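K.L.:
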Amino acid sequence: MTTKAKLLAVSLDCPEPKKLAEFYHEITGWEITYATDEYAAVSDGDGLNIYFGQLPEREAVTWPSPNKQFHLDFRVPDVEKAAAEYVELGATRPDFQPGVTEEGVRWIVLQDPAGHAFCVCPEPS
1 MTTKAKLLAV SLDCPEPKKL AEFYHEITGW EITYATDEYA AVSDGDGLNI YFGQLPEREA
61 VTWPSPNKQF HLDFRVPDVE KAAAEYVELG ATRPDFQPGV TEEGVRWIVL QDPAGHAFCV
121 CPEPS
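Residue numbering for the sequence shown follows UniProt numbering, beginning at 1 and increasing consecutively.
Pasting the structure below:
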């Protein structure tokens with residue numbers, strides 16, 4: 001039987017770790033548990049973390065792109081309201097939105113201040 005692993009963290013490369021930790025602190029409410037110019041972290045308090053490591057030459061990919069390697073998904077009570085708030089905090093909203101159709105909004109793709117894609121998804125009804 002294979003040893004089962006528990007996810008501890010997701011690590012994101014970025015030019016400014018403290019800035020990105022502050023952004024994710026604002027959108028998740030998670031505590032900033034570490035913050036230097038080279039490395040920062042936010043934690044949900046139950047052992048799940050997002051780490052941010054400095055990589056000054058990292059370039060954001062465009063959306064959509066075959067170079068996107070991952071994205072994060074977050075649930076919110078009001079997708080449009082949350083997306084607008086996150087844009088005010090420094091996220092960007094790309095033009096291509098596969099979750100926004102004539103039938104309504106299923107999810108919205110945003111990019112954080114360092115260009116990492118993340119989706120704003122509705123809470124289950």
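We put the CB at the ideal spot given by N, CA and C, even for glycine.
Note that the structure is predicted; figures quoted are calculated from it, not measured.
#1: In the structure shown, what three-state DSSP assignment does PRO62 receive?
#2: Can you name, in chain order, every residue of its own chain whose Cβ lies under 6 Å from the Cβ of GLN54, other than the five neighbours on each side?
#3: Only counting the same chain, and skipping five residues up and downstream in sequence, which positions put a Cβ closer than 7 Å to that of SER11?
#4: Kindly identify the DSSP beta-bridge partner or partners of ILE108.
#5: Looking at the unbroken beta strand (DSSP E) that takes in LEU48, where does it start and where does it end?
#6: Residues in its own chain within less than 6 Å of TYR24 by CB, not counting five upstream and five downstream?
#7: Going by DSSP, which residues form a beta bridge with ARG75?
#8: Ordered along the chain, which non-local residues of its own chain (more than five positions away) have a Cβ less than 6 Å from that of ARG93?
#9: Can you check which of these residues, GLU59, ALA82, ASN67 and GLY90, is closest to ASP73 by C-alpha distance?
P.N.:
From the atom records:
#1: According to the sequence provided, residue 62 is Thr. The question's Pro does not apply to it. THR62 falls in the coil class under three-state DSSP.
#2: PRO17 and GLU38
#3: TYR51 and GLY53
#4: For ILE108, which the question treats as bridged, DSSP gives the partners VAL120.
#5: Where LEU48 is concerned, there is no enclosing beta strand (DSSP E), given that its DSSP letter is neither H nor E.
#6: VAL42 and ILE50
#7: Looking at the DSSP output, ARG75 shares a beta bridge with CYS121.
#8: VAL87 and LEU110
#9: ALA82
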